[in-house]
Amino acid sequence: MKNYYDVVIIGAGAAGLGAAHALKNSDLSCLLLEARNRIGGRAHTLMLPDDIAFDEGCGWLHAADKNSFVPVAENLGFEISKERPPWGDSNVGKADRDGFEAAMDAFYERLHNGAKTGADAPASHWLEPGNRWNAAIESAGTYINGCALSEVSTHDLDAYTATGKNWRIVKGYGALVSAYGSGCPVALETQVNVINHSDARIKIETTRGTLQAKAVIVTLPTNLIAEEGVRFVPPLPSKREAAANLPLGVANKVLLRLEGAEEFPADGYLNMPLTRVDKGAYHLRPFGKNCIEGYFGGGFARQLDVAGEGALSAQAIDEIVSVLGSDFRSRLKPLHESRWVSDLLARGSYSFAKAGHSKDRSRLAEPVDDRLFFAGEATSPHFFSTAHGARDTGERAAIEILKVLKTSAGIS
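Reminder that position 406 of the sequence shown reads as 480 in our numbering, one-by-one numbering, no gaps.
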């Protein structure tokens with residue numbers, strides 16, 4: 075590291091990399107500071123035996139027709155699978171699937187209409203009392219939001235842009251994000267402790283020494299800002315408050331090897347009883363591999379995460395055996411599980427806005443004194459909780475910096 079840069083970017087996840095790319099052809103010197111020993115942040119692909127790509131974090135190109143990582147993948151030569159997701163197919167009978175889907179559509183219609191009234195109630199307010207599908211709707215909400223519907227803002231949930239197109243990267247979304255960041259100037263294993271913006275030059279105190287910058291882009295997860303994992307001097311109570319109102323929910327995954335998997339079709343889906351909220355959902359043989367990928371969300375995922383290593387796998391095996399029979403226990407072997415709550419550099423998966431606080435996304439995104447800029451999925455107005463939303467906000471912050479510094483004199 076040098077002692078001084080025009081722009082220092084805190085965090086080499088999708089947002090930080092988006093900012094670095096936007097600054098690449100400018101005359102500004104730039105450096106990414108990353109506490110991990112890798113780039114990508116909450117986008118990370120593990121290559122496991124039998125050529126199985128397991129995305130610990132983001133795994134789907136949501137809103138693929140508007141997703142800025144799609145052209146990135148095409149330019150980098152990453153194969154994209156455009157096959158329809160298996161989420162609507164499962165062991166649940168067609169009548170129940172149709173009933174649930176109709177109830178889910180009606181729930182979102184009520185929520186959308188409610189969002190136009192002005193009052194920002196918890197999303198659970200729009201559940202129809204006594205509806206037999208409420209548990210299934212609430213369970214789906216934990217995967218979508220990382221939290222219970224009673225915690226999330228109606229306005230925020232309504233603001234999310236879903237286009238119905240959800241694609242996959244065959245070799246892993248995290249692998250794509252890592253390739254996207256290849257060549258970006260980054261200092262790994264460099265944890266930022268203090269951002270001192272009291273003087274003309276911003277001082278960034280790290281575990282590898284102190285450096286200075288004209289401007290800083292902060293792309294930290296909201297939990298780290300709210301809990302002062304990095305300290306601002308002078309303090310920024312409004313940023314801390316906004317971040318606290320945009321906490322990270324939990325969405326964890328588990329991967330199990332399945333012996334004799336050929337009896338199941340590729341890309342099938344296995345769901346637990348629709349009357350339960352706390353449960354996993356299972357993708358059978360993704361890309362035809364001999365494995366099962368399980369998803370857990372919300373408070374149940376958090377509970378299993380803090381229970382320790384192996385708890386997610388044990389729960390998944392118990393649930394699958396309860397549906398497919400006791401003979402399957404000997405055919406299932408844990409391969410890997412993600413535990414984002416226990417990851418001290420994330421402390422969760424992706425943000426949701428608490429009821430009454432949807433406007434805190436724009437509040438968190440506002441620059442401070444045209445020197446501190448903020449990016450990350452939590453600052454995206456319509457694509458929060460996604461990698462492409464994070465990437466786009468990094469690009470936005472970099473463009474803001476370019477506008478400010480172009481009008482400033484004495485850029486070194």
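We treat Cβ as the ideally placed atom computed from N, Cα and C, and that holds for glycine.
Go through its chain and collect everything with a Cβ distance to residue i's Cβ below 6 Å, but skip five positions before and after it.
i, result
"residue 368", "328, 354, 356, 390"
"residue 282", "264"
"residue 478", "444"
"residue 472", "93, 96, 97"
"residue 224", "196, 198"
"residue 128", "120, 122, 329, 410"
"residue 486", "Residue placement at residue 486 is flagged as unreliable, the pLDDT there being 43, under the threshold of 50; the coordinate-derived value follows with that caveat. So no residue of the chain qualifies."
"residue 201", "208"
"residue 108", "86, 260, 262"
For residue i, I'd like the list of residues in its chain whose CB is within less than 8 Å of its CB, leaving aside the five on either flank, ordered along the chain.
i, result
"residue 276", "82, 269, 270, 286, 287, 288, 289, 290, 445, 446"
"residue 111", "262, 263"
"residue 413", "326, 379, 383, 386"
"residue 456", "233, 234, 235, 463"
What does a CB cutoff of less than 7 Å around residue i pick up in its chain, not counting 5 residues either side in sequence?
i, result
"residue 363", "124, 126"
"residue 453", "435, 438, 439, 467"
"residue 476", "100"
"residue 117", "87, 88, 131, 132, 247, 248, 251, 461"
"residue 156", "241"
"residue 483", "In this prediction, residue 483 has a pLDDT of 45, which is less than 50 and means its spatial position is unreliable; what the coordinates show is noted afterwards. Result list for residue 483: empty, nothing under 7 Å."
"residue 205", "177"
"residue 179", "none"
"residue 402", "394, 395"
Going by C-alpha to C-alpha distance, which of the options sits closest to residue i?
i, options, result
"residue 191", "223, 247, 386, 228", "228"
"residue 316", "186, 297, 280", "297"
"residue 256", "88, 432, 464", "88"
"residue 158", "409, 379, 343, 472", "343"
"residue 188", "340, 233, 380", "233"
"residue 217", "206, 365, 167, 231", "231"
"residue 182", "424, 108, 196", "196"
"residue 425", "360, 451, 408", "451"
"residue 382", "415, 214, 260, 351", "415"
"residue 474", "300, 313, 442, 455", "442"
"residue 299", "113, 420, 213", "420"
"residue 213", "107, 375, 303, 104", "375"
"residue 318", "324, 293, 427", "427"
"residue 423", "399, 351, 469, 320", "320"
"residue 143", "480, 464, 470", "464"
"residue 245", "154, 221, 470", "154"
"residue 393", "365, 352, 417, 418", "352"
"residue 253", "185, 105, 113", "113"
"residue 210", "418, 243, 173", "173"
"residue 334", "370, 406, 341", "406"
Considering residue i, what are the terminal residues of the alpha helix (DSSP H) in which it resides?
i, result
"residue 462", "461 to 480"
"residue 186", "168 to 189"
"residue 296", "296 to 300"
"residue 80", "Premise fails: residue 80 lies in the beta strand (DSSP E), 78 to 84, not in any alpha helix (DSSP H)."
"residue 372", "372 to 380"
"residue 348", "Looking at the DSSP string, residue 348 is not in any alpha helix (DSSP H), and its letter there is neither H nor E."
"residue 393", "385 to 398"
Could you confirm whether any beta carbon from chain E is found closer than 8 Å to the beta carbon of residue i?
i, result
"residue 294", "As a matter of chain content, chain E is missing from the structure shown, which is built from one protein chain."
At what residues does the beta strand (DSSP E) containing residue i begin and finish?
i, result
"residue 355", "355 to 358"
"residue 410", "406 to 411"
### Task
Would you list, in sequence order, the uninterrupted beta strand (DSSP E) runs of no fewer than 3 residues that lie entirely inside the segment 87 to 150?
104 to 107, 119 to 122, 126 to 129
#### Entry: Contact the segment 134 to 152 vs the segment 329 to 348: 3+ CB pairs below 8 Å
no
### Message
At 3 residues or longer, what runs of the beta strand (DSSP E) sit wholly inside the segment 416 to 450?
### Response
446 to 448
### Message
Which complete beta strand (DSSP E) runs does the segment 201 to 277 hold, if anything under 3 residues is left out?
### Response
266 to 270
### Query
Is the number of C-beta pairs between the segment 307 to 327 and the segment 91 to 107 that are closer than 8 Å three or more?
no
### Task
Examine the Cβ distances between the segment 227 to 241 and the segment 132 to 145 and report whether three or more of them are shorter than 8 Å.
yes
#### Entry: Minimum length 3: unbroken beta strand (DSSP E) runs contained in the segment 287 to 332
305 to 307, 325 to 332
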